[in-house]
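Mapping of the sequence shown onto numbering that gives the first Met the number 0: position 221 corresponds to residue 220, and the numbering continues sequentially without gaps. Here's the structure we're looking at; comments come further down.
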Amino acid sequence: MAETPFHAIVLEDNADAARFLRIVLERHAGMQVDVVTTAEAALDRLRRDSYDVMVSDIELPGRSGLQILPEVRRLDAALGVMIVTAYPTYDHAVTALREAADDFLSKPVAASELAARATVLARRARERRRSPGGETERVLAVGAHPDDLEIGVGATLAAHAAAGDEITLLTLSGGAVGGATGERHREALAAAAVIGARLIHLDFPDTRLIPAEGIITAIEEVVAEVRPDRIYTHGVHDRHQDHRAVHEAVEVAGRTVPNVWCFQSPSSTVNFAPNRFVDVDGFVETKLQMLAAFTSQAHRDYIQPEVVRAAACYWARFSPARAVEPLETMRASESVARVSAVAAAPAVPDYGSEHGETREHGRQDEEAG
């Protein structure tokens, strides 16, 4: 039986903006849409009806879209919440995310981006309701620099988000060698917001990450706090010294985590030999949305959409899927039932080869979901 269309509520007092949001969600996302103009009207609807996603402005008559978020969550904890505003200040974004919004967009909004991101939130809400309190996981992804995680496992993380999993992104340096750290942090926060992930951003020195000089301890503290069921991180077969350092640190700091996998980066060597292939069909475009947040890195060839899509297609030759992200296994232990939540193709043979709040470090710990 076909799934019923997603149901959206739009909270917007500007008639033109409300009409635009309704048209986009109806025509581009195939949703059923109700429009209200005040916070009180939105809360009244939420008391009476069930919705998959709410798209809300900030500046409203009476209470703002941000002020009602705690009450919205009490009424419907599974509801996907997107803030869309003409006032795209950094403070607004942080407040929205800390107050339990799942996504934040500034006007003017591209119709395609709005439809895609609202659909991700609505799909996640459906998944939460299908397995209340149940088969969700805590996922920790650990990278050396801003954009490492999105390049390596962006689509896999998007699939986790759609399954309702709790995602934490730990980035260990500000990426100063690649650009201004403040700008790169804001980009990383925006990318995390695409999938509703939590971002923990440390400021260890770029290109000088050393496991024994605080990196292991910092990761151990996050592991103790998050208690992840699985970790994604850099692989050992990598030319970049920071990537290898993070791999070594996670190997120690994540020793109690039952599932640890290593992703491919642009600096991975030919010795990268994946034995797990995650089916990310339907999530590559979300990965591209995450990568698009890194405007300071837009000149990099490896984040160009055609390159990202081509890589997903290339690795799919080892899988029945049409799009795949490859992983090397460091440690794995999971039930057959869980595999269905984030689908993975069977491992291929080994080819016979050997491949088998840290406050003192300026942690910026922000909720993007």
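Every residue, glycine too, gets a C-beta built ideally from N, C-alpha and C.
- Task: Could you check what DSSP says for G64 in three-state terms: helix, strand or coil?
- Result: Residue 64 sits at position 65 when you count from the first residue of the sequence shown. It is coil, neither helix nor strand.
- V170 - partner residues in DSSP beta bridges: Here residue 170 refers to the residue found at position 171 of the sequence shown. Residue identity differs from the one stated: residue 170 is Thr in this sequence, not Val. Under DSSP, the beta-bridge partners assigned to T170 are G142 and H200.
- Query: What is the rounded straight-line gap between the Cα of G64 and the Cα of I218?
  - Reply: Start at 1 with the first residue of the sequence shown, and residue 64 comes out as number 65. Start at 1 with the first residue of the sequence shown, and residue 218 comes out as number 219. Each residue's Cα considered, the two are about 35 Å apart.
- Residue from G163, E186, P257 and G174 whose Cα sits closest to the Cα of F293: Taking the sequence shown and counting its residues from 1, the one referred to as residue 293 is at position 294. Answer by Cα proximity: E186.
- Query: When we look at the beta-carbon of Y50 and count the other beta-carbons within 10 Å, is it buried (16 or more) or exposed?
  - Reply: On the sequence shown, residue 50 is found 51 positions in, with the first residue counted as 1. Taking a 10 Å sphere around the C-beta of Y50, we find 16 or more other C-beta atoms and assign the residue as buried.
- Thinking just about the alpha-carbon of each residue, which of K106, F5 and A76 is nearest to the one in S55? The count along the sequence shown starts at 1 and reaches residue 55 at position 56. Per the C-alpha coordinates, the member of K106, F5 and A76 positioned closest to S55 is K106.
- Query: Leaving out five residues before and five after H6 in sequence, what residues of the same chain have Cβ atoms less than 6 Å from its Cβ?
  - Reply: Taking the sequence shown and counting its residues from 1, the one referred to as residue 6 is at position 7. These residues qualify, in order along the chain: Q31, Y50 and D51.
- Cβ distance (whole Å) where D241 is taken to contact T268 below 8 Å: Locating residue 241 in the sequence shown gives position 242, counting from the first residue. Locating residue 268 in the sequence shown gives position 269, counting from the first residue. Incorrect: roughly 15 Å between the Cβ atoms, too far for contact.
- Message: Let's see if you can read the secondary structure: which residues bound the beta strand (DSSP E) around F262?
- Response: Counted from its first residue, the sequence shown places residue 262 at position 263. Looking at the DSSP string, the run of the beta strand (DSSP E) that includes F262 is N258 to F262.
- Return the CA-CA distance between E250 and P60, expressed in angstroms with no decimal places. Working through the sequence shown from its first residue, we reach residue 250 at position 251. Working through the sequence shown from its first residue, we reach residue 60 at position 61. Using only the alpha carbons, I get a separation of about 52 Å.
- Message: For H233 and V245, which I take to be in contact (beta-carbon distance under 8 Å), what is that distance rounded to the nearest angstrom?
- Response: Counting from 1 along the sequence shown, the entry for residue 233 is found at position 234. Counting from 1 along the sequence shown, the entry for residue 245 is found at position 246. Sure, about 5 Å apart at Cβ, within 8 Å.
- Is the beta carbon of R123 less than 8 Å from the beta carbon of A154? As a first step, residue 123 is located in the sequence shown; it is residue number 124 there, counting from the start. As a first step, residue 154 is located in the sequence shown; it is residue number 155 there, counting from the start. Contact: no.
- Between the CA atoms of F317 and E182 - distance to the nearest angstrom: The residue labelled residue 182 in the question sits at position 183 within the sequence shown. The residue labelled residue 317 in the question sits at position 318 within the sequence shown. Using only the alpha carbons, I get a separation of about 38 Å.
- Message: Let me check one thing: in DSSP terms, what residues is P325 bridge-paired to?
- Response: Along the sequence shown, one-based indexing puts residue 325 at 326. DSSP, once it has assigned bridges, lists F276 as partnering P325.
- Query: What is the DSSP secondary structure of S267, counted as helix, strand or coil?
  - Reply: As a working mapping, residue 267 is identified with position 268 in the sequence shown. In the three-state reduction of the DSSP assignment, S267 falls in the strand class, which pools E and B.
- If I67 sits next to A85, beta carbons under 8 Å apart, how far is it from one beta carbon to the other, in whole angstroms? Residue numbering aside, residue 67 sits at position 68 when the sequence shown is read from its first letter. Residue numbering aside, residue 85 sits at position 86 when the sequence shown is read from its first letter. I67 to A85, Cβ: 19 Å. No contact.
- Message: Below 8 Å on the Cβ atoms is my contact criterion, and I expect R44 with A77 to pass it. Report the Cβ-Cβ distance as a whole number of Å.
- Response: Taking the first residue of the sequence shown as position 1, residue 44 is located at position 45. Taking the first residue of the sequence shown as position 1, residue 77 is located at position 78. Not quite, the Cβ-Cβ distance comes to about 16 Å (not below 8 Å), so this is no contact.
- Per DSSP, the bridge partner or partners of T84: Numbered from its first residue, the sequence shown carries residue 84 at position 85. Assignment of beta-bridge partners to T84 by DSSP yields S105.
- Around the C-beta of N274, are 16 or more other C-beta atoms found within 10 angstroms, so that it is buried, or is it exposed? To locate residue 274, count along the sequence shown from 1; it is residue 275. Its Cβ being crowded by 16 or more others within 10 Å, N274 is buried.
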